[in-house]
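Enquirer: Counting in this note's numbering, the sequence shown runs from 7 upward without gaps.
A virtual CB, placed ideally from N, CA and C, is assigned to each residue, including glycine.
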Amino acid sequence: MSPRVHVHSGEQGIAQLLDRNRAWAEKMLARDPDFFTRLAIQQSPEILWIGCSDSRVPANEILDLSPGEVFVHRNIANQVNMTDTSTKADLLTEENVARSVYDPPYPTTNLIGF
Numbered sequence: 007m008s009p010r011v012h013v014h015s016g017e018q019g020i021a022q023l024l025d026r027n028r029a030w031a032e033k034m035l036a037r038d039p040d041f042f043t044r045l046a047i048q049q050s051p052e053i054l055w056i057g058c059s060d061s062r063v064p065a066n067e068i069l070d071l072s073p074g075e076v077f078v079h080r081n082i083a084n085q086v087n088m089t090d091t092s093t094k095a096d097l098l099t100e101e102n103v104a105r106s107v108y109d110p111p112y113p114t115t116n117l118i119g120f
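1. Under 8 Å, do H79 and L98 count as touching if we go by C-beta distance?
2. Can you give the Cα-Cα distance for G19 and P9, rounded to whole angstroms?
3. Span of the beta strand (DSSP E) holding I56?
4. Which residues does DSSP list as the beta-bridge partners of V4?
5. Please state if the CB of S59 and the CB of I82 are separated by a distance shorter than 8 Å.
6. For Q49, tell me which candidate among A65, D90 and F77 has the shortest Cα-Cα distance.
7. Can you give me the C-alpha to C-alpha distance between D38 and N66, rounded to a whole angstrom?
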């Protein structure tokens with residue numbers, strides 16, 4: 007695990023985060039020159055992960071999956087409330103993604119709560 011990083015507030019903090027993002031992108035390209043090209047082509051996740059917004063639980067990392075392999079809906083306390091428009095929108099989006107990629111027919115989407 008990386009040591010805790012102090013991020014400044016305001017414009018200095020934004021600049022710091024952008025610098026970290028650039029460094030990460032460069033590291034990813036050095037490791038895999040086609041990483042972003044592949045990622046930009048299409049996503050076709052077969053997993054919908056409904057999980058808590060806890061920053062210690064990045065879904066694709068704890069599942070040992072790459073970016074684009076899991077569709078993630080995160081919220082506070084891992085709640086699935088069908089009166090919540092955000093939850094309904096994510097479930098509908100996942101269904102539409104599955105239909106556009108796999109229809110007809112498309113495999114059952116794995117729905118995981120954590």
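Expert: According to the structure data:
1. Taking 8 Å as the Cβ cut-off, H79 and L98 do not qualify as a contacting pair.
2. Answer to the nearest angstrom: the Cα atoms are 17 Å apart.
3. Counting along the chain, the beta strand (DSSP E) containing I56 begins and ends at I53 to C58.
4. Absent from the structure is residue 4, since the part of the chain shown begins at 7 and ends at 120.
5. The Cβ-Cβ distance between I82 and S59 falls below 8 Å.
6. Here the closest residue by C-alpha is F77.
7. When rounded, the distance between both Cα atoms is 18 Å.
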